[in-house]
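Numbering (the numbering used here), first residue to last: 110 to 410. Ideal Cβ positions, reconstructed from N, Cα and C, are used throughout, including at glycine. Each remark here refers to the structure printed beneath this line.
Structure below.
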């Protein structure tokens, strides 16, 4: 009997230790990656959609730019790479930050709908409704809406270039691509684009096209040189400039139609992990410097 009690005590002790380790692990994960910004809810097309919002503590009377950070993976309530740095910059420069939460809605093949088309605009409609919701309680500068995407969020940002070119002044992203064949991509204007990619990326491979999962909604995805060429040719860019820094190459395609611009950072030794720096500068400041140079032209009366 005593042996049985001792064995039971040992088993219970092991379970208790395992449970404690499990909860400590998740506490660490939530502390390191969890989203801390207030969560907002809106109804879009009969669905409840969510986003996190940062508004600078020091407000001015001037309309504020909006930066949307698009997570990859499940696009859940996780902290975006360098988000604390983005928030500090937003406080300094006076811009609002939104982090939308993805939702797996058919015919999505992931948290964000790619290859948006008639009958499958729910994520695009969500983004538009989110912007309108933010504008209802904040003074936004409608000429300076920007988005930054990571991985699947990068892929979703190219949906903005196709579907929301009249609402976004510029887009920047890391480690994504877009469908080789678009079902609906006839943008009203040429949105300036910045794309960063690691040549060693094993997930979104730099030099190979690849098929998105097993359905036909999205199809084959561009390799990265093909992605850049797609937009460069569409924008009819006339000049190319190349700058190198250690294992990084910065390509600029300029003199494009509608005074647009495409920039690409090719990181020879990088994989799928978000780079902390670009060309020796913090990545978030490089991206903001690019975005901040662009604004939509005022609408005609």
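Completely contained alpha helix (DSSP H) runs for the segment 204 to 247, where each covers 4 or more residues: Scanning the segment 204 to 247 from its first residue to its last, the whole alpha helix (DSSP H) runs of 4-plus residues come out as 231 to 244.
Residue burial classification, residue 145 (beta-carbon count within 10 angstroms, cutoff 16): By 1-based counting over the chain shown, the position of residue 145 is 36. Per the 10 Å Cβ criterion, exposed.
Identify which residue in 248, 407, 290 has its Cα closest to the Cα of residue 331. What you label residue 331 is simply residue 222 of the chain shown in a count that begins at 1. Nearest C-alpha to residue 331: 290.
Sorted by chain position, which residues of the same chain lie with C-beta nearer than 6 Å to residue 307's C-beta, five sequence neighbours on each side aside? For this step, residue 307 is matched to residue 198 along the chain shown. Hits under 6 Å: 376, 379, 380.
DSSP state of residue 405, grouped into three classes? Within the chain shown, the letter at position 296 stands for residue 405. Of the three classes helix, strand and coil, the one that applies to residue 405 here is coil, per DSSP.
Contact between the segment 219 to 226 and the segment 261 to 269 is defined here as three or more beta-carbon pairs at a separation below 8 Å; is this criterion met? yes
Where residue 133 and residue 185 are concerned, what is the direct C-alpha to C-alpha distance, given to the nearest angstrom? Walking along the chain shown from the start, residue 133 turns up at place 24. Walking along the chain shown from the start, residue 185 turns up at place 76. Here residue 133 scores only 39 on pLDDT, less than 50, and its place in the model is too uncertain to base an answer on.
Where residue 355 falls, given that 16 or more other Cβ within 10 Å makes a residue buried: Position 246 of the chain shown, counted from the first residue, corresponds to residue 355. It is exposed - the Cβ of residue 355 has fewer than 16 other Cβ atoms within 10 Å.
Where residue 268 falls, given that 16 or more other Cβ within 10 Å makes a residue buried: Counted from its first residue, the chain shown places residue 268 at position 159. Buried, since its Cβ has 16 or more Cβ neighbours within 10 Å.
Would you give the residue range spanned by the beta strand (DSSP E) that residue 349 belongs to? Working through the chain shown from its first residue, we reach residue 349 at position 240. Where residue 349 is concerned, the enclosing beta strand (DSSP E) stretches over 348 to 354.
Cβ-based neighbour list, residue 131, same chain, cut-off 6 Å, excluding 5 preceding and 5 following: On the chain shown, residue 131 is found 22 positions in, with the first residue counted as 1. Unreliable positioning characterises residue 131 in this predicted model, as indicated by a pLDDT of 36, which lies under 50. The coordinate reading is nonetheless provided below. Within the same chain, residue 131 has no close Cβ partners at all.
Using a threshold of 8 Å, state whether the C-beta atoms of residue 204 and residue 175 are closer than that. Here residue 204 refers to the residue found at position 95 when the chain shown is read from its first residue. Here residue 175 refers to the residue found at position 66 when the chain shown is read from its first residue. The answer is yes: Cβ separation under 8 Å.
Tell me which residue opens and which closes the alpha helix (DSSP H) that residue 261 is part of. Within the chain shown, the letter at position 152 stands for residue 261. Per DSSP, residue 261 belongs to the alpha helix (DSSP H) from 261 to 272.
Spell out whether any CB of chain B is found under 8 Å from the CB atom of residue 295. Given the protein chain composition of this structure (a single chain), no chain B is represented.
Where do the ends of the beta strand (DSSP E) carrying residue 148 lie? Position 39 of the chain shown holds residue 148. Residue 148 -> beta strand (DSSP E) spans 148 to 153.
CB residue 349 to CB residue 388, shorter than 8 Å? Numbered from 1 along the chain shown, position 240 holds the residue referred to as residue 349. Numbered from 1 along the chain shown, position 279 holds the residue referred to as residue 388. The answer is no: Cβ separation not under 8 Å.
Residue 283 bridges to which residues according to DSSP? Counted from its first residue, the chain shown places residue 283 at position 174. DSSP, once it has assigned bridges, lists 259, 305 as partnering residue 283.
How about the segment 278 to 290 and the segment 210 to 220: do they share at least three Cβ pairs that are nearer than 8 Å? no
Just tell me which of 151, 274, 386, 271 has its CA closest to the CA of residue 374. Locating residue 374 in the chain shown gives position 265, counting from the first residue. Minimum Cα distance to residue 374 is reached at 386.
Hey, how far is the Cα of residue 170 from the Cα of residue 239? The residue labelled residue 170 in the question sits at position 61 within the chain shown. The residue labelled residue 239 in the question sits at position 130 within the chain shown. Their backbone Cα atoms lie some 22 Å apart in a straight line.
For residue 338 and residue 179, the rounded distance between their alpha carbons: Translated into the one-based positions of the chain shown, residue 179 becomes position 70. Translated into the one-based positions of the chain shown, residue 338 becomes position 229. Using only the alpha carbons, I get a separation of about 23 Å.
Does the beta-carbon of residue 227 have 16 or more other beta-carbons within 10 angstroms, so that it is buried, or is it exposed? In the chain shown, residue 227 corresponds to position 118, counting from 1. So residue 227 ends up on the exposed side.
Between which two residues does the alpha helix (DSSP H) holding residue 189 run? Working through the chain shown from its first residue, we reach residue 189 at position 80. Residue 189 -> no alpha helix (DSSP H), and no H or E assigned at all.
Taking C-alpha atoms, which residue in 341, 270, 362, 173 lies nearest to residue 351? What you label residue 351 is simply residue 242 of the chain shown in a count that begins at 1. The shortest Cα separation from residue 351 among 341, 270, 362, 173 belongs to 362.
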